[in-house]
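Notes to accompany the following structure.
Number of protein chains: 2
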Amino acid sequence: MPKTLPDFDLEHYLPYRFTVLAARLSAELAKSYKNDFGISMPEWRVLLNVGYSENPSIRDIERRVSLEKSKVSRAAAKLEAKGFITKQTDNSDRRLLKLALTKQGAELLSALIPIARSFQAQLDEILGAHEGELQHALDLLTEKLDD
Amino acid sequence: MPKTLPDFDLEHYLPYRFTVLAARLSAELAKSYKNDFGISMPEWRVLLNVGYSENPSIRDIERRVSLEKSKVSRAAAKLEAKGFITKQTDNSDRRLLKLALTKQGAELLSALIPIARSFQAQLDEILGAHEGELQHALDLLTEKLDD
DNA sequence: TTGACTTCGTTGCATATGAAACAAATAGTG
DNA sequence: CACTATTTGTTTCATATGCAACGAAGTCAA
Chain A
1 MPKTLPDFDL EHYLPYRFTV LAARLSAELA KSYKNDFGIS MPEWRVLLNV GYSENPSIRD
61 IERRVSLEKS KVSRAAAKLE AKGFITKQTD NSDRRLLKLA LTKQGAELLS ALIPIARSFQ
121 AQLDEILGAH EGELQHALDL LTEKLDD
Chain B
1 MPKTLPDFDL EHYLPYRFTV LAARLSAELA KSYKNDFGIS MPEWRVLLNV GYSENPSIRD
61 IERRVSLEKS KVSRAAAKLE AKGFITKQTD NSDRRLLKLA LTKQGAELLS ALIPIARSFQ
121 AQLDEILGAH EGELQHALDL LTEKLDD
């Protein structure tokens, strides 16, 4: 390690920490979703949004989930091909799509949610009383980044 | 939103929050690193590790940074091609590589570090007194995931 | 109405990625 | 020693990704 390098505290560098943590947390879930349900991470995220929003458009999801619109578009196409969602053009603005869950999509989501919840419960347990502060700190960062 | 779906609090679902935050935080940095220095995110992470560890191997970096070994291998190959690091086989175990910064690599890193630091400083400012708790919560999660 | 401009979703293309296969080196076992 | 198993880094291959370009729809102003 050359003496000429400036000091740097990698262990507390937040972009790095978030990236590593996000990758690890998602890894297990992604594997389970892929293997057990044949669904990718972007598809899961889109499915979730279709389930818990009122007929969102591709753009709505893009904004809410911070997913590239091409990614959303492709995920939606796959979900439609698998029969989990429907795409319908919005009559008040025919550029927009209205995405909706099919019955099968609702069933899939109902099967996936408990997995996500139990995972969250594990995290809650690890964090204990610190969870509130963590969520608050995340709120602060998210808020600033929205500007 | 069909009534049949179970409740789910997406806003506080940590895997989701971390993923979104990590993507957003990295996005700006990645763009700057790419445009101004022609270096990708994996390359930056590898460079950082080569700079701040003692001749790490590909495997060392893989473990430390939670990067796929093929990703590390490719990033290292590119950094070598650009003249920022050297690869040298370890004589005590000839399967291993010993990565090291070149002079140019050290210069590049010295230019990149201040950018990372000022970014971190901005985050510190946003978080204020909450930063300590955030780092602690991240410690807790990281610790458990290492098992 | 026309024509310039914007927005939305899709797609083409070059690159990035993950998983598995691989060769080389080492470790372990009889 | 010989033989198998494991580890390390690279590479192959199919897929995923990001970005720019595109057509279609809508907006706006003259």
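Chains A and B supply the protein sequences, listed in that same order.
Number 132 in UniProt numbering belongs to position 132 of the first sequence; there are no gaps in the numbering.
Number 52 in UniProt numbering belongs to position 52 of the second sequence; there are no gaps in the numbering.
No residue lacks a Cβ here, since even glycine has one placed at the ideal position from N, Cα and C.
Just so it is clear, the structure is predicted and the values come from calculations on it, not from any experiment.
- Remark: C-beta atoms of Leu25 of chain A and Tyr16 of chain A do not approach each other more closely than 8 angstroms.
- Under a 10 Å Cβ-count criterion, Glu62 of chain A is classified as buried, with 16 or more other Cβ atoms of the shown protein chains found around its own Cβ.
- Interface flag for Pro56 of chain B against chain A is unset, since no Cβ pair is found closer than 8 angstroms.
- Listed in chain order, the non-local C-beta contacts of Asn55 of chain A below 7 angstroms within the same chain comprise Lys98, Leu99, Ala100, local neighbours out to five positions each way being set aside.
- Taking a contact as a CB-CB distance under 8 angstroms, the pair His130 of chain A and Glu133 of chain B counts as one, their CB atoms being some 7 angstroms apart.
- Taking the Cβ atoms as the reference, Ala75 of chain B lies roughly 5 angstroms from Glu43 of chain B, within the contact range of under 8 angstroms.
- In this chain, Lys82 of chain A is not harboured by any alpha helix (DSSP H), its DSSP state being neither H nor E.
- Listed along chain A are Ala116, Gln120, each with a C-beta nearer than 7 angstroms to that of Tyr13 of chain B.
- Leu141 of chain B and Leu14 of chain A do not touch by the CB rule: their CB atoms are close to 13 angstroms apart, not below 8 angstroms.
- Fully contained in the UniProt domain "HTH marR-type" (11-146) of chain A are the following alpha helix (DSSP H) runs of length 4 or more, in chain order: 14-37, 41-51, 58-65, 69-81, 103-127, 131-145.
- For Ala23 of chain A, the nearest beta carbon of chain B is closer than 8 angstroms to its own beta carbon.
- For Arg17 of chain A, the chain B residues whose Cβ falls inside 7 angstroms of its Cβ are Leu138, in order along the chain.
- Taking the Cα positions, Tyr52 of chain A is about 23 angstroms away from Arg94 of chain A.
- Gly128 of chain B and Lys31 of chain B have their C-alpha atoms some 26 angstroms from each other.
- Here Lys71 of chain A is buried, its C-beta having at least 16 other C-beta atoms within 10 Å.
- Ile61 of chain B has a beta carbon lying at 8 angstroms or more from every beta carbon in chain A.
- Using beta-carbon distances, Ser40 of chain B does not count as an interface residue toward chain A, since no partner is under 8 angstroms.
- Residue contact with chain A for Thr142 of chain B: present (Cβ-Cβ distance below 8 angstroms to some residue of chain A).
- Annotated as proximal: Arg64 of chain B and Asn49 of chain B, with beta-carbon spacing under 8 angstroms.
- Taking 8 angstroms as the cut-off, the beta carbon of Pro114 of chain B is found no closer than this to the beta carbon of Ser110 of chain A.
- The contact set of Ile126 of chain A on chain B, defined by CB atoms closer than 7 angstroms, consists of Leu140, Leu141, Lys144 in chain order.
- Judged by their CB atoms, Ser57 of chain A and Asp36 of chain A are not nearer to each other than the 8 angstroms cut-off.
- If you compare the alpha carbons of A:Gly105, A:Leu145, A:Glu28, A:Thr4 with that of Val46 of chain A, the shortest gap goes to A:Gly105.
- Excluding five sequence positions before and after Ile39 of chain A, the CB atoms of its chain that fall closer than 6 angstroms to its own CB belong to Tyr33, given in chain order.
- Proximity to Asp124 of chain B across A:Leu138, A:Leu123, A:Ile126, A:Ala116 peaks at A:Leu138, based on C-alpha coordinates.
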